[in-house]
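Taking it in order: structure first as structure tokens, then the write-up.
2 protein chains.
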Amino acid sequence: MSFSPLVDRLLESLRVLPGVGPKSAQRMALHLLERDRPGGERLAAILAQALAEVGYCRRCRTLTEAELCELCRSSRRDERLLCIVESPADMLAIEEAGGYRGQYFVLHGHLSPLDGIGPEDIGLDQLESRLSEGEIDEIILATNPTVEGEATAHYIAAQLEDRDIRLSRLAYGVPMGGELEYVDGGTLSRAFNGRLPFSSV
Amino acid sequence: MSFSPLVDRLLESLRVLPGVGPKSAQRMALHLLERDRPGGERLAAILAQALAEVGYCRRCRTLTEAELCELCRSSRRDERLLCIVESPADMLAIEEAGGYRGQYFVLHGHLSPLDGIGPEDIGLDQLESRLSEGEIDEIILATNPTVEGEATAHYIAAQLEDRDIRLSRLAYGVPMGGELEYVDGGTLSRAFNGRLPFSSV
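Top line first, the protein sequences correspond to chains A and B.
For the first sequence, the UniProt record's numbering gives the first residue as 1, with consecutive numbering after it.
For the second sequence, the UniProt record's numbering gives the first residue as 1, with consecutive numbering after it.
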């Protein structure tokens with residue numbers, strides 16, 4: 001129910017945005033129509049342009065409108081380190097945390113035989129040719145700490161066995177700033193099993 | 001910081017949406033680019049179309065792409081009742097509550113001399129000509145229960161004094177389903193002053 005068929009269609013199409021229900025869609029549509037038409041026009045134009053032009057980096061498969069993303073073009077990144085992540089969002093999170101200065105490779109998902117997602121669907125053939133360029137010393141398998149992410153990491157590790165590349169994964173443990181009381185059991189056991197000498201902390 | 005200038009511009013332009021901060025903008029952009037390009041394209045197209053075509057109803061000033069909105073064209077609404085609201089969102093809220101079967105008039109704001117918003121800016125000249133059509137018995141002043149909304153309602157009431165039209169406003173009182181403990185003092189005093197004989201409840 002609304003004012004007009006076109007506004008109704010706008011409300012409905014705003015619902016494709018994650019986390020946007022009927023109430024937020026209404027608030028957004030009315031805000032743009034009543035208070036910020038130039039902002040809305042800019043959003044419509046840039047969204048259309050981004051969807052038409054943004055593809056995947058030829059080298060690391062992250063999202064970019066260029067052939068190579070800014071990170072792959074940068075001369076200030078360590079060419080010998082490669083971090084494999086499931087999604088561009090993971091890559092962004094690692095970049096925002098700072099500290100990592102190597103390269104990336106984005107799988108855009110994880111292996112999931114039941115859903116028909118195999119090695120090619122997550123770009124592992126492309127990873128092979130990336131590695132054949134031959135300058136990488138270490139690969140950090142930074143897939144999600146979920147059953148599927150772990151399985152994917154193990155699969156990739158098995159594929160790379162014959163190569164002279166060091167493999168590592170992110171450390172498991174209790175998250176910083178959290179309270180032990182609220183940490184789940186699986187994480188707690190991992191943190192106990194991986195305990196370190198106090199001096200190294 | 002992101003992957004590419006175009007994705008950065010998309011993140012930035014999503015921030016025009018109310019309630020969308022950097023994190024949600026990122027989630028939305030990645031969702032559309034990674035998982036729902038057709039939905040994103042539909043959103044871009046309909047948003048552009050709505051911004052270009054949706055204007056104001058000639059009669060009630062609500063948002064519509066037609067000359068008259070669906071409500072003004074409907075033959076099933078009571079022509080003798082007119083409800084004046086500040087925004088299309090208020091009109092929607094009243095429609096969703098159900099029960100009201102009259103017409104509307106949308107001010108798109110309230111009087112605010114300090115911001116230079118005078119009677120013409122909220123369409124009061126148009127309201128005059130709307131009333132000159134001469135079929136309205138009662139006007140319900142449903143501006144917001146705020147200082148500005150009340151002032152606007154009083155101004156409109158003064159303008160209409162000479163006409164043979166009954167004026168009313170929404171009842172003030174405690175909201176249904178609330179707990180008295182959490183109702184603000186102003187609302188509580190209003191509810192006390194407006195108390196009704198128990199039998200009428």
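We put the CB at the ideal spot given by N, CA and C, even for glycine.
Return the CA-CA distance between residue i and residue j, expressed in angstroms with no decimal places.
{"i": "B:Leu-47", "j": "B:Met-91", "result": "22 angstroms"}
{"i": "A:Leu-30", "j": "B:Glu-96", "result": "16 angstroms"}
{"i": "A:Arg-190", "j": "B:Ser-13", "result": "42 angstroms"}
{"i": "A:Leu-6", "j": "A:Glu-133", "result": "53 angstroms"}
{"i": "A:Tyr-155", "j": "A:Gly-149", "result": "10 angstroms"}
{"i": "B:Arg-166", "j": "B:Glu-128", "result": "15 angstroms"}
{"i": "A:Arg-59", "j": "B:Val-106", "result": "55 angstroms"}
{"i": "residue 203 of chain B", "j": "A:Glu-41", "result": "The structure shown does not extend to residue 203 of chain B, since chain B spans only 1 to 201, so no value can be given for it."}
{"i": "B:Arg-80", "j": "B:Gly-102", "result": "7 angstroms"}
{"i": "B:Pro-119", "j": "B:Glu-135", "result": "23 angstroms"}
{"i": "A:Pro-145", "j": "A:Lys-23", "result": "34 angstroms"}
{"i": "A:Asp-115", "j": "A:Gly-185", "result": "29 angstroms"}
{"i": "A:Asp-137", "j": "B:Gln-49", "result": "52 angstroms"}
{"i": "A:Val-183", "j": "A:Gly-39", "result": "42 angstroms"}
{"i": "A:Glu-161", "j": "A:Gly-21", "result": "47 angstroms"}
{"i": "A:Cys-69", "j": "A:Thr-143", "result": "21 angstroms"}
{"i": "B:Gly-178", "j": "A:Phe-192", "result": "48 angstroms"}
{"i": "B:Val-16", "j": "A:Asp-8", "result": "20 angstroms"}
{"i": "A:Ser-87", "j": "B:Gly-173", "result": "52 angstroms"}
{"i": "B:Asp-121", "j": "B:Ile-139", "result": "20 angstroms"}
{"i": "A:Asp-125", "j": "A:Ile-117", "result": "14 angstroms"}
{"i": "A:Gly-98", "j": "A:Asp-78", "result": "14 angstroms"}
{"i": "A:Val-147", "j": "B:Val-147", "result": "57 angstroms"}
Taking C-beta to C-beta, are residue i and residue j nearer than 9 angstroms?
{"i": "residue 261 of chain A", "j": "B:Leu-71", "result": "Because residue 261 of chain A is not part of the residues shown, which for chain A are 1 to 201, the question remains open."}
{"i": "A:Pro-18", "j": "B:Met-176", "result": "no"}
{"i": "A:His-108", "j": "A:Ala-151", "result": "no"}
{"i": "A:Arg-37", "j": "B:Leu-51", "result": "yes"}
{"i": "B:Arg-35", "j": "B:Leu-82", "result": "no"}
{"i": "A:Arg-163", "j": "A:Ala-153", "result": "no"}
{"i": "B:Ala-66", "j": "B:Cys-57", "result": "yes"}
{"i": "A:Leu-196", "j": "A:Leu-188", "result": "no"}
Just checking my contact of residue i with residue j at CB under 8 angstroms: how many whole Å lie between their CB atoms?
{"i": "A:Ala-25", "j": "B:Gln-26", "result": "Actually they are not in contact, since the Cβ atoms of A:Ala-25 and B:Gln-26 sit about 19 angstroms apart, beyond 8 angstroms."}
{"i": "A:Val-85", "j": "A:Tyr-104", "result": "6 angstroms"}
{"i": "B:Arg-61", "j": "B:Gly-123", "result": "6 angstroms"}
{"i": "B:Leu-141", "j": "B:Ala-158", "result": "About 11 angstroms; that fails the 8 angstroms criterion."}
{"i": "B:Ser-4", "j": "A:Val-54", "result": "7 angstroms"}
Taking buried to mean at least 16 other C-beta atoms within 10 Å of its own C-beta, is residue i buried or exposed?
{"i": "A:Ser-74", "result": "exposed"}
{"i": "B:Ala-171", "result": "exposed"}
{"i": "A:Glu-93", "result": "One point to set straight first is that residue 93 of chain A is Ala, not Glu, in the sequence displayed. Answer is exposed; the Cβ neighbour count stays below 16."}
{"i": "B:Ser-199", "result": "exposed"}
{"i": "B:Leu-43", "result": "buried"}
On the DSSP letters alone, give me the boundaries of the beta strand (DSSP E) that residue i sits inside.
{"i": "B:Ser-168", "result": "166-169"}
{"i": "A:Leu-17", "result": "Per DSSP, A:Leu-17 belongs to no beta strand (DSSP E) and is neither H nor E."}
{"i": "A:Phe-105", "result": "103-106"}
{"i": "A:Glu-135", "result": "No beta strand (DSSP E) holds A:Glu-135; DSSP gives it neither H nor E."}
{"i": "A:Ile-84", "result": "81-85"}
Please report the residue range of the alpha helix (DSSP H) in which residue i lies.
{"i": "B:Val-147", "result": "147-159"}
{"i": "A:Val-7", "result": "5-14"}
{"i": "A:Cys-72", "result": "70-73"}
{"i": "A:Glu-181", "result": "Where A:Glu-181 is concerned, there is no enclosing alpha helix (DSSP H), given that its DSSP letter is neither H nor E."}
{"i": "A:Glu-41", "result": "37-53"}
{"i": "A:Pro-113", "result": "Segment: none, A:Pro-113 is in no alpha helix (DSSP H) and carries neither H nor E."}
{"i": "A:Ala-142", "result": "A:Ala-142 -> no alpha helix (DSSP H), and no H or E assigned at all."}
{"i": "B:Pro-88", "result": "88-97"}
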